[in-house]
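Enquirer: Each residue of the sequence shown is one higher than the last, beginning at 38 in my numbering. Encoded as structure tokens, here's the structure I'll be asking about.
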Amino acid sequence: MKLRSVIPFILGSAVLISSCAPKRSQDPQHVDSLRAQAEDLIKAQSLMGWNSWAFGTESNQDSLYKANANLFTVENIKLVQRVEQAETNAVQKKRLTYFMRYLASEYISKQNAPLSDRVSNLEATATITFEKKSLPFRQVNSLIANEKNQKRRGGLYAALDPVLDSLNLIHRQIEQNSQRLATELGFPSYNQMAQELKGFSLSEFKKTTEQFLAESESSYTKLLDEVTQKYLNVKRPNFFRYDFAPLFRSEKFDPYFAGGVMLDAVKETYKGLGIALDSQRNLKIDSEQRPAKNPRAVCYAIDIPNDVRLSIKPIGGFDDYSAIFHEMGHGQHYANTKENAFEFKYIGEPTVTENFAFLSEYMLSNQSWIRSHTKMPVKVEKDFLRFQAFHRLYFVRRYCAKFLYELQLHAGVANPESVYAALQSKAIGHTELASDKKRYLADVDALFYSASYLRAWFLEAQLNAKLTKDFGVNWFENPKAGEYLQSLWANGDRYNGDEFVKMIGFDAIRPDVLMNELKMMILFSTK
């Protein structure tokens, strides 16, 4: 993901103020001053986040919020809405709508910030007890992923329960707070607020996710039974949620993704598109090995398009490659942005940029890329592609279940922990345990960001199909494809996912193209 301090959403009309409210003469100038303040804040937040991530310096985002306490208020949201309703120019109206998204989402984030800080602080300091040893809470998932013994994995997983119980006390307050804020902003319910903020029908998207789960069930179940036995020597029903972590370590394929040449692989891949990374002075790749540096790859768009930064700490293995290619997708998007308007640079709908990140990441699963950039034997290549098809099915199905659960959670369903555990178990195929229920609030994305990821997965497959049709299966070796992508990146955050999908020749964001792509990967691997 690309890290920014904002999560943009759409603010609906007629929920905060009357549409007949008069426009005041100084309103547009006031809005412009708020825009300038917001852009400065985003840049400061991003720079502080970068320094913390790449250098381990202390982060104090709360100080920036406090310094800008006058920005995220109901009065300012009403002001921007008032100007938006009076605006007749379509482009300016869209900018104002985007700005309302930002102010509304940040207003909610600001109100929940003290509770979110308590969650982060507890996670950072909490310990668990396992086999009479004290272990840091945040280290346990890594230990589970690298643990070969299933019984010990189960023990580590269960040992998290007391900390999760404590975290859930805070998460419940966040949920209650969010419900209250929805009412405070004039919405009849949290889900209605989220639908207005996201700008598309949650009920219609619910049908899409249910359709994908139904149509992918057979393929996924078959692959799940195959890979669990092949890579873990475990059969259902003796396969549990904690077994996914070691399953996805995919160490068998790591030798084909060496850390020492990872950055070279990224550069060579984009060179095929006619993009010389070393010549992009506005995109900096920090690959230095520093002890305090976060090992995960990340992209910070600090001053779009002039200052976009990627941080990597190369170790090697497919997971490392996947992460850096994903973040490079974000990096190219924002480094190539030609938009000048603040809203079209920083605060658009996340579906589009996540789509570009997935497009870059999934080049690694393209047969032509594998044969050009690795020495993977054909048999290993088939195993790899089959595993990648399973991996993607797992994530999309898991997020479908997340989204369906979040709809029920925010609607006040009884026994939400049981609903959560049952939906996840059915979607991804593990045997349910009591400890699974403990994650029913930690595994929730604010304002249905899960839906944005799902839409990005579906949209990426459609963009990949467009590129394949126009430039061939090895489109990433064609500079013309690079020129086409640069023309899309140039739009920054101007277009939402529903507008973007029409630009590339489809009538709507749909899951069928992704399903067909995965079926082709599976078919190749069986030949």
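Here a beta-carbon is modelled for each residue, glycine too, at the ideal position from N, C-alpha and C.
How do the region 469 to 486 and the region 291 to 298 stand: do at least 3 beta-carbon pairs fall below 8 Å, yes or no?
Expert: no
Enquirer: With three or more beta-carbon pairs closer than 8 Å as the criterion, would you say the region 387 to 398 touches the region 368 to 376?
Expert: yes
Enquirer: Residue 354: which of 274, 204, 285 and 387 sits nearest, CA to CA?
Expert: 285
Enquirer: Take residue 349 as the anchor and find which of 325, 343 and 143 has the nearest alpha-carbon.
Expert: 325
Enquirer: Quick one: Cα of residue 4 to Cα of residue 471, how far?
Expert: Outside the shown range of the chain, which is 38 to 564, sits residue 4, and nothing can be said about it.
Enquirer: Which ranges does the alpha helix (DSSP H) cover as unbroken runs of at least 4 residues, wholly within the region 454 to 514, from first to last along the chain?
Expert: Positions of the alpha helix (DSSP H) runs, each at least 4 residues long and wholly inside the region 454 to 514, are given as 486 to 508 in order along the chain.
Enquirer: When the Cα of residue 299 is compared with those of 351, 190 and 552, which residue comes out closest?
Expert: Ranking the options by Cα distance to residue 299, first place goes to 351.
Enquirer: Please state whether DSSP places residue 133 in a helix, a strand or coil.
Expert: helix
Enquirer: Determine the contact status of residue 131 and residue 124, defining contact as a CB-CB distance below 7 Å.
Expert: Contact: no.
Enquirer: Short of 6 Å in beta carbon distance, which residues of its chain neighbour residue 283, apart from the five on each side in sequence? Order them along the chain.
Expert: 182
Enquirer: Alpha carbon to alpha carbon, how far is residue 141 from residue 114?
Expert: Those two C-alpha atoms are separated by around 7 Å.
Enquirer: Smallest Cα separation from residue 341: which of 166, 430, 543 and 385?
Expert: 385
Enquirer: Taking DSSP as the reference, what is the three-state secondary structure of residue 244?
Expert: helix
Enquirer: What's the C-alpha gap between residue 562 and residue 411?
Expert: 17 Å
Enquirer: Considering only the alpha carbon of each residue, which of 137, 372 and 511 lies closest to residue 234?
Expert: 137
Enquirer: Could you tell me whether the Cβ atoms of residue 458 and residue 473 are closer together than 7 Å?
Expert: yes
Enquirer: Please return the same chain residues whose Cβ sits closer than 6 Å to the Cβ of residue 523, not counting the five positions on each side in sequence.
Expert: 373
Enquirer: Using the C-alpha atoms, what's the distance from residue 109 back to residue 76?
Expert: 13 Å
Enquirer: Have a look at the DSSP bridge pairing and note the partners of residue 348.
Expert: 323 and 335
Enquirer: Using only the alpha-carbon positions, how far apart do residue 164 and residue 200 sit?
Expert: 8 Å
Enquirer: Within the same chain, show all residues whose beta-carbon is closer than 8 Å to that of residue 558, passing over the 5 residues directly before and after it, in chain order.
Expert: 402, 422, 423, 425 and 426
Enquirer: Taking the straight line between their C-alpha atoms, what separation do you get for residue 135 and residue 538?
Expert: In this structure, the straight-line span from the alpha carbon of residue 135 to that of residue 538 is close to 19 Å.
Enquirer: To the nearest angstrom, how far is it from the Cα of residue 482 to the Cα of residue 467?
Expert: 22 Å
Enquirer: Do three or more CB pairs link the region 300 to 308 to the region 201 to 218 at distances below 8 Å?
Expert: no
Enquirer: Smallest Cα separation from residue 500: which of 516, 515 and 521?
Expert: 521
Enquirer: What number of angstroms, rounded off, separates the C-alpha of residue 172 from the C-alpha of residue 166?
Expert: 6 Å
Enquirer: Quickly, what does DSSP pair residue 164 with across the bridge? List them, please.
Expert: 173
Enquirer: Excluding five sequence neighbours on each side, which residues of the same chain lie with their C-beta closer than 6 Å to the C-beta of residue 529?
Expert: 374, 376, 381 and 382
Enquirer: Is residue 542 helix, strand or coil when you go by DSSP?
Expert: Three-state DSSP puts residue 542 in coil, outside helix and strand.
Enquirer: Mind the definition here: the region 543 to 557 touches the region 496 to 510 only if three or more C-beta pairs lie below 8 Å; say whether that holds.
Expert: Taking a contact to require three or more Cβ pairs closer than 8 Å, the region 543 to 557 and the region 496 to 510 qualify as touching.
Enquirer: Taking the alpha helix (DSSP H) that residue 317 belongs to, which residues open and close that run?
Expert: Counting along the chain, residue 317 falls outside any alpha helix (DSSP H), and DSSP gives it neither H nor E.
Enquirer: From the DSSP output, in three-state form, read off residue 583 for me.
Expert: Past the boundaries of the shown model lies residue 583; the chain is included only from 38 to 564, so the question cannot be answered.
Enquirer: Express the C-alpha separation of residue 244 and residue 187 in angstroms, rounding to a whole number.
Expert: 37 Å
Enquirer: Below 8 Å on the Cβ atoms is my contact criterion, and I expect residue 246 with residue 555 to pass it. Report the Cβ-Cβ distance as a whole number of Å.
Expert: Incorrect: roughly 16 Å between the Cβ atoms, too far for contact.
Enquirer: From residue 311 to residue 320, what distance separates their C-alpha atoms?
Expert: 16 Å
Enquirer: Within the continuous alpha helix (DSSP H) that includes residue 400, where are the two ends?
Expert: Here residue 400 belongs to no alpha helix (DSSP H), and DSSP marks it neither H nor E.
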